[in-house]
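**Q**
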Amino acid sequence: SDGHGLAAALALGASGVAMGTRFVNTTECPIHHNHQQWIIDHTEKDTVLAQKTIGSMMRITKNNAALLANEIEARGLANGYDTARILKEQMPVISGQKTKAAFINGDVGSATFCTGMGMGLIHDVVPVQELLDFPPKGTRRMGANPHANGGLLLKDLRMPDFREYGVDIPFPGIIQGCMQWIARAPLVAAVSEAGGLGIISSSTFRDKEALREEIRAVKAMTSKPFAVNLTLMPSLVVPDYMGYIQVCAEE
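Residues in the sequence shown are numbered consecutively from 128, following the numbering used here.
1) Which whole-angstrom value is the C-beta distance of T239 and A177, which I expect to be below 8 Å?
2) So what does R186 bridge to, in DSSP terms?
3) Please return the same chain residues whose Cβ sits closer than 7 Å to the Cβ of I187, not counting the five positions on each side in sequence.
4) Would you call the stretch 314-321 and the stretch 337-357 touching, i.e. three or more CB-CB distances under 8 Å?
5) Are the CB atoms of G223 and R149 nearer to each other than 8 Å?
6) At which residues does the beta strand (DSSP E) containing N356 begin and terminate?
7) Report the rounded CA-to-CA distance for I213 versus M184, giving the unit in angstroms.
8) What separation, rounded to the nearest whole angstrom, lies between the Cα atoms of A389 and A205?
9) Expressed to the nearest angstrom, what Euclidean distance is found between the alpha-carbon atoms of G233 and T153?
10) I'd like the list of long-range same chain contacts for S319, defined as Cβ closer than 7 Å, with 5 residues on each side in sequence excluded.
11) Just to confirm the assignment: which complete alpha helix (DSSP H) runs, minimum length 4, are found wholly within the stretch 229-263?
12) Per the DSSP calculation, M218 is bridged to which residue(s)?
13) Beta-carbon within less than 7 Å of K225's beta-carbon, same chain only, minus the 5 sequence neighbours each way: which residues are those?
14) Is Q307 helix, strand or coil when you go by DSSP?
15) Short check: CB of I379 to CB of H159, under 8 Å?
16) DSSP state of Y208, grouped into three classes?
17) Within 10 angstroms of its Cβ, does N276 collect 16 or more other Cβ (buried), or is it exposed?
18) Taking the C-alpha atoms as reference points, what is the distance between K335 and I372?
19) One question on the structure: do I167 and V151 come within less than 8 Å of each other, judged by their Cβ atoms?
20) Report all residues from its chain with a CB closer than 8 Å to the CB of M382; omit the five preceding and five following residues, and keep chain order.
21) Going along the chain, which residues of its own chain have a beta-carbon closer than 7 Å to the beta-carbon of H250, five neighbours each way excluded?
22) Just to confirm the assignment, what range does the alpha helix (DSSP H) spanning V345 have?
23) DSSP three-state call for G322: helix, strand or coil?
24) Taking only three categories from DSSP, how would you classify A201?
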């Protein structure tokens with residue numbers, strides 16, 4: 128969430144980092160300001176792990192919905208419920224539709240909302256370009272370690288065959304986290320235009336044609352590389368993954 132974390136990752140030999148919560152607090156993110164202000168007003172101690180039993184554990188804001196979801200899970204485990212029953216009882220609380228509505232109406236406590244512990248370092252809302260302009264580039268060093276910010280790696284990285292499918296992004300690479308409902312064209316295009324890698328969340332869209340429209344919307348806003356994420360999570364209605372893949376290949 129800040130330059131120190133990026134410097135640490137580069138010093139350990141990474142070529143870049145993936146950021147999610149930091150991109151929530153950008154002017155291009157299509158989310159209600161209440162959620163951005165919640166991040167500013169709270170710290171890393173205001174997050175909690177949830178959905179552990181159903182196989183999609185994630186760190187979310189420690190709000191009313193999160194506490195209720197964990198209470199349902201704990202009660203289900205105590206009563207010997209299987210995963211399917213726990214998921215069914217949690218769904219009215221963790222439903223993506225509830226999160227989507229909260230992102231629009233600003234009721235932060237009414238739905239689960241993914242945030243990382245790095246939110247304790249977030250104190251403002253800035254444009255994506257300003258955020259990606261922050262890391263020093265070229266010969267400017269972010270730390271004393273000679274391997275940071277473009278220095279030699281401790282050992283050569285040997286990539287498997289999928290290397291030919293890679294895309295070029297400026298070093299140090301910053302990859303936008305895939306966030307359902309808000310990883311849409313305005314944010315994705317802004318991240319890619321600023322030199323990062325924007326990523327569309329396929330789980331936002333009701334069907335493959337809606338995803339196709341979003342891909343084309345991003346293309347209309349930037350000529351830079353971007354990606355589409357296929358989120359494999361437990362769901363009462365299984366998404367059309369093969370359809371999503373078909374659209375990505377066609378577009």
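Every residue gets a Cβ at the ideal spot worked out from N, C-alpha and C, and that includes glycine.
**A** Here's the rundown:
1) 7 Å
2) L176
3) T174, V175, A177, A193, T239, F240, C241 and T242
4) yes
5) no
6) F353 to N356
7) 14 Å
8) An answer regarding residue 389 cannot be provided, because it is not within the stretch 128 to 378 covered by the chain.
9) 16 Å
10) G325, T349, K351, P352 and F353
11) 255-260
12) Partner(s): none; M218 has no beta bridge.
13) S237 and A238
14) coil
15) The structure shown has nothing for residue 379, since the chain only spans 128 to 378.
16) coil
17) Legend: pLDDT at N276 = 46, less than 50; position of this residue unreliable, value from coordinates given subsequently. N276 should be labelled buried.
18) 9 Å
19) no
20) What the structure shows of the chain is the stretch from 128 to 378, and residue 382 is not part of that stretch, so it cannot be assessed.
21) I167
22) K335 to M348
23) coil
24) helix
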